[in-house]
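Visitor: Last residue of the sequence shown: 391 (full-length UniProt numbering), numbering continuous.
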Amino acid sequence: MTYPRQPSAYLNDDHDAFRAAVAAFVAREMRPHAQEWETAGVFPRDLYVRAAQAELLGLRYEPQWGGSGLDYFATVVLCEELAKCDSIGTAVGLMAQSEFALSAIADEASDELKAAYLAPAIRGELIGAIGVSEPGAGSDVASIATWARRDGDEYVISGQKTFISNGTRADFLTLAVRTGKPGPHGISLVVFPTDTPGFSVGRRLDKLGARASDTGELFFDNCRIPAANLVGEEGWGFRYILSHFAGERLVIAAFAVGAMEHLITIGLDYARTRRAFGRALWDFQAWRHRFAQMTTRLEATRLLTYQAADLLNRRDPAAEVAVSMAKLAAAEAAQFVAAEVLQLHGGFGQMEESPVPRYYRDVAGFSVGAGTSEIMRELIARALDRAREKS
Numbered sequence: 001m002t003y004p005r006q007p008s009a010y011l012n013d014d015h016d017a018f019r020a021a022v023a024a025f026v027a028r029e030m031r032p033h034a035q036e037w038e039t040a041g042v043f044p045r046d047l048y049v050r051a052a053q054a055e056l057l058g059l060r061y062e063p064q065w066g067g068s069g070l071d072y073f074a075t076v077v078l079c080e081e082l083a084k085c086d087s088i089g090t091a092v093g094l095m096a097q098s099e100f101a102l103s104a105i106a107d108e109a110s111d112e113l114k115a116a117y118l119a120p121a122i123r124g125e126l127i128g129a130i131g132v133s134e135p136g137a138g139s140d141v142a143s144i145a146t147w148a149r150r151d152g153d154e155y156v157i158s159g160q161k162t163f164i165s166n167g168t169r170a171d172f173l174t175l176a177v178r179t180g181k182p183g184p185h186g187i188s189l190v191v192f193p194t195d196t197p198g199f200s201v202g203r204r205l206d207k208l209g210a211r212a213s214d215t216g217e218l219f220f221d222n223c224r225i226p227a228a229n230l231v232g233e234e235g236w237g238f239r240y241i242l243s244h245f246a247g248e249r250l251v252i253a254a255f256a257v258g259a260m261e262h263l264i265t266i267g268l269d270y271a272r273t274r275r276a277f278g279r280a281l282w283d284f285q286a287w288r289h290r291f292a293q294m295t296t297r298l299e300a301t302r303l304l305t306y307q308a309a310d311l312l313n314r315r316d317p318a319a320e321v322a323v324s325m326a327k328l329a330a331a332e333a334a335q336f337v338a339a340e341v342l343q344l345h346g347g348f349g350q351m352e353e354s355p356v357p358r359y360y361r362d363v364a365g366f367s368v369g370a371g372t373s374e375i376m377r378e379l380i381a382r383a384l385d386r387a388r389e390k391s
């Protein structure tokens, strides 16, 4: 069946046409291979090229560099549909490049860096990753320790990163490094080519979910890169990271919305065909009401997510807290829906050939990536403090 999505005042006919195009790409190029890619722990590199040919990469970026010049609603629609591919890890791998690794380059980097990295990444020719998390600095970005020392026309970089999506095969990293004193004002962003001598990939991490997204440990041993690879201004990296976290969090919220819609659709199809005690599961009031609750949480989350996208489009300062609310609500709602649909499937829900247990594992990561749910709550609470101080 087709999920009866509620009409939205935020979206127009162009967004609807784009949704149909993405859904067709997912059905043709992604979903048939999901089980294979999950088992392999990686999806083929040429999926980036095929996604680029379908104009799914670089949606928000300037046409000058190969982007589509679209708004955040296009990103939301893209992520909702990608999340229905039966492999959240594959969706994460695509967006870890298109949104996470490229956004700071698109907004802050020199034209030379955009030509060398942004444009070919949008074409799917290069794979990028965002290198922020470290063993001692996850949500606490201001504590990163990987350092970059200026030496003439070069930076010399040493340190370690972990939990890096696309990390084991990225051609370049948008890398957070410490160029100055401790704390947030000593952090900068650089574009780091992974063929630089002294760079190495450690373990490919074996994760609970999103298994088709390669995630790795990265090591830097006196690596030298051109000082011209600095993104924006030295010492502004922390500000750039925080400002672009909003886009990452919106992506995760939209993934959650799409995953919930897909799971509810799978669940409804199953409930209407699976019979127990002489009737379909759908005919039991308990399950009908549980579907009503799942659908209500999905649509409430969708509204929060669309509102956040609208505020980001308008560059409204309220976008930060709106995105935090959307991600928090989306992560928790997706975990609720996944658990309900898993329970609905009974023994079949325990079988690896079903996408349902895969989604149950995958959505667990939504409350961790791009800032934990605890960080989202703290950001929302700080907004309440600011409102009280102004009153």
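No residue lacks a Cβ here, since even glycine has one placed at the ideal position from N, Cα and C.
In the DSSP assignment, find the beta strand (DSSP E) that holds Val191 and state where it starts and stops.
Guide: Counting from 1 along the sequence shown, the entry for residue 191 is found at position 191. Residues 187-193.
Visitor: Which stretch, first to last residue, makes up the alpha helix (DSSP H) that contains Gln285?
Guide: Residue mapping note: residue 285 aligns to position 285 of the sequence shown, counting from 1. Looking at the DSSP string, the run of the alpha helix (DSSP H) that includes Gln285 is 285-313.
Visitor: Between which two residues does the alpha helix (DSSP H) holding Arg361 run?
Guide: Against the sequence shown, residue 361 aligns to sequence position 361. It spans 355-362 - the alpha helix (DSSP H) in which Arg361 sits, taken as one unbroken run.
Visitor: At the level of alpha carbons, what is the spacing between Ile225 and Gly131?
Guide: For this step, residue 225 is matched to residue 225 along the sequence shown. For this step, residue 131 is matched to residue 131 along the sequence shown. Distance from the CA atom of Ile225 to the CA atom of Gly131, rounded to whole angstroms, is 15 Å.
Visitor: Just reading off the alpha helix (DSSP H) that Asp151 is part of, what are its end residues?
Guide: For this step, residue 151 is matched to residue 151 along the sequence shown. DSSP places Asp151 outside any alpha helix (DSSP H); the residue lies instead in the beta strand (DSSP E), whose first and last residues are 147-151.
Visitor: Between Gly81 and Arg5, how many whole angstroms is the CB-CB distance? I'm expecting something under 8 Å.
Guide: The residue you call residue 81 lines up with position 81 of the sequence shown. The residue you call residue 5 lines up with position 5 of the sequence shown. In the sequence on display, residue 81 carries Glu and not Gly. Not a contact, Cβ separation roughly 12 Å.
Visitor: Give the DSSP-derived three-state secondary structure of Pro135 in the structure shown.
Guide: Indexing the sequence shown from 1 puts residue 135 at position 135. Of the three classes helix, strand and coil, the one that applies to Pro135 here is coil, per DSSP.
Visitor: Does DSSP put Tyr155 in a helix, in a strand, or in coil?
Guide: On the sequence shown, position 155 is the one that residue 155 refers to. Strand.
Visitor: What is the C-beta distance between Arg60 and Gly67, in whole angstroms, given that I count them as a contact (C-beta under 8 Å)?
Guide: Against the sequence shown, residue 60 aligns to sequence position 60. Against the sequence shown, residue 67 aligns to sequence position 67. The pair is a contact, with the Cβ atoms about 7 Å apart (cut-off 8 Å).
Visitor: Could you tell me the boundaries of the alpha helix (DSSP H) in which Ile225 lies?
Guide: Within the sequence shown, residue 225 is the residue found at index 225, counting from 1. Where Ile225 is concerned, there is no enclosing alpha helix (DSSP H), although the beta strand (DSSP E) it sits in stretches over 215-226.
Visitor: Is there contact here, the region 142-152 with the region 193-201, by at least three beta-carbon pairs under 8 Å?
Guide: no
Visitor: Smallest Cα separation from Ala256: which of Gly371, Leu328, Arg314, Leu230?
Guide: Here residue 256 is taken as the residue at index 256 of the sequence shown, counted from 1. Closest by alpha carbon: Leu328.
Visitor: Using a Cβ-Cβ cutoff of less than 8 Å, which residues in the same chain neighbour Gly346 once the five nearest sequence positions on both sides are dropped?
Guide: Taking the first residue of the sequence shown as position 1, residue 346 is located at position 346. Contacts found: none.
Visitor: Is Tyr117 near Gly128, with beta carbons less than 8 Å apart?
Guide: As a first step, residue 117 is located in the sequence shown; it is residue number 117 there, counting from the start. As a first step, residue 128 is located in the sequence shown; it is residue number 128 there, counting from the start. Yes; because the gap between Cβ atoms is below 8 Å, this pair is in contact.
Visitor: Pick helix, strand or coil for Arg203, following the three-state DSSP scheme.
Guide: Translated into positions along the sequence shown, residue 203 becomes position 203. Look at Arg203 here: in three-state DSSP terms it is strand.
Visitor: May I have the straight-line CA-CA distance separating Leu250 from Ala333, to the nearest angstrom?
Guide: Locating residue 250 in the sequence shown gives position 250, counting from the first residue. Locating residue 333 in the sequence shown gives position 333, counting from the first residue. Approximately 15 Å, taken between the alpha carbons.
Visitor: Would you give the residue range spanned by the beta strand (DSSP E) that Ala115 belongs to?
Guide: Indexing the sequence shown from 1 puts residue 115 at position 115. Segment: none, Ala115 is in no beta strand (DSSP E) and carries neither H nor E.
Visitor: Does the Cβ-Cβ distance between Ile187 and Phe238 come in under 8 Å?
Guide: Counting from 1 along the sequence shown, the entry for residue 187 is found at position 187. Counting from 1 along the sequence shown, the entry for residue 238 is found at position 238. A contact, by the Cβ cut-off of 8 Å.
Visitor: What span of residues does the beta strand (DSSP E) with Ala176 cover, start to end?
Guide: As a working note, residue 176 is residue 176 in the sequence shown. Per DSSP, the continuous beta strand (DSSP E) segment holding Ala176 begins and ends at 172-178.
Visitor: Does the distance from the C-beta atom of Ala259 to that of Val363 stay below 8 Å?
Guide: In the sequence shown, residue 259 corresponds to position 259, counting from 1. In the sequence shown, residue 363 corresponds to position 363, counting from 1. For Ala259 and Val363, yes; Cβs fall inside 8 Å.
Visitor: In angstroms, rounded to a whole number, what distance separates the CA positions of Ser110 and Ile122?
Guide: Taking the sequence shown and counting its residues from 1, one reaches residue 110 at position 110. Taking the sequence shown and counting its residues from 1, one reaches residue 122 at position 122. As the crow flies, the alpha-carbon of Ser110 is around 16 Å from that of Ile122.
Visitor: So, is Glu353 buried or exposed, given that buried needs 16 or more other C-beta atoms within 10 angstroms?
Guide: Here residue 353 corresponds to residue number 353 of the sequence shown, with the count starting at 1. Glu353 should be labelled exposed.
Visitor: Kindly list the residues whose CB is nearer than 7 Å to the CB of Pro357, restricted to its own chain and excluding five residues on each side of it in sequence; keep chain order.
Guide: As a working note, residue 357 is residue 357 in the sequence shown. Close CB contacts of Pro357 within its chain, under the 7 Å cut and outside five residues either way in sequence, are with Leu342, Gly349, Gln350 (chain order).
Visitor: I think Ala319 touches Ala246, with their Cβ atoms under 8 Å apart; what is that distance to the nearest whole Å?
Guide: Here residue 319 is taken as the residue at index 319 of the sequence shown, counted from 1. Here residue 246 is taken as the residue at index 246 of the sequence shown, counted from 1. With a Cβ gap of about 6 Å, Ala319 and Ala246 count as contacting.
Visitor: Just the Cα atoms here: how many angstroms apart are Arg204 and Gln285?
Guide: For the purposes of this step, residue 204 is taken as the residue at position 204 of the sequence shown. For the purposes of this step, residue 285 is taken as the residue at position 285 of the sequence shown. When rounded, the distance between both Cα atoms is 46 Å.
Visitor: Could you check what DSSP says for Ile380 in three-state terms: helix, strand or coil?
Guide: Here residue 380 is taken as the residue at index 380 of the sequence shown, counted from 1. If DSSP states are grouped into helix, strand and coil, Ile380 belongs with the helices.
Visitor: According to DSSP, is Phe100 helix, strand or coil?
Guide: The residue labelled residue 100 in the question sits at position 100 within the sequence shown. DSSP places Phe100 in helix when its eight states are reduced to three.
Visitor: May I ask which residues mark the beginning and end of the alpha helix (DSSP H) holding Trp37?
Guide: The residue labelled residue 37 in the question sits at position 37 within the sequence shown. First-last of the alpha helix (DSSP H) with Trp37: 34-40.
Visitor: DSSP state of Arg275, grouped into three classes?
Guide: Residue mapping note: residue 275 aligns to position 275 of the sequence shown, counting from 1. Arg275: strand per DSSP, three-state reduction.
Visitor: Starting from Arg211, trace the alpha helix (DSSP H) both ways and give me its first and last residue.
Guide: To locate residue 211, count along the sequence shown from 1; it is residue 211. First-last for Arg211: undefined, no H or E at that position.
Visitor: Using CA atoms only, rank isn't needed, just tell me which of Ala119, Cys85, Lys84 is closest to Ala101.
Guide: Numbered from 1 along the sequence shown, position 101 holds the residue referred to as residue 101. Taking only the C-alpha atoms, the option nearest Ala101 is Ala119.
Visitor: Tell whether a beta-carbon distance below 8 Å holds between Thr90 and Met30.
Guide: Here residue 90 is taken as the residue at index 90 of the sequence shown, counted from 1. Here residue 30 is taken as the residue at index 30 of the sequence shown, counted from 1. In this structure, Met30 lies closer than 8 Å to Thr90 by Cβ.
Visitor: Are the beta-carbon atoms belonging to Ala271 and Trp282 less than 8 Å from one another?
Guide: One-based indexing of the sequence shown puts residue 271 at position 271. One-based indexing of the sequence shown puts residue 282 at position 282. Against a cut-off of 8 Å, the Cβ pair of Trp282 and Ala271 comes out as a contact.
Visitor: Taking only three categories from DSSP, how would you classify Gly369?
Guide: Position 369 of the sequence shown, counted from the first residue, corresponds to residue 369. In this structure, Gly369 counts as coil in the three-state DSSP scheme.
Visitor: How is Ala280 classed by DSSP in three states: helix, strand or coil?
Guide: Taking the sequence shown and counting its residues from 1, one reaches residue 280 at position 280. Three-state result, Ala280: strand.
Visitor: Compare the Cα-Cα distances from Val368 to each of Phe163, Ala54, Val22, Glu62 and report the closest residue.
Guide: Here residue 368 refers to the residue found at position 368 when the sequence shown is read from its first residue. That would be Phe163, whose Cα lies nearest to the Cα of Val368.
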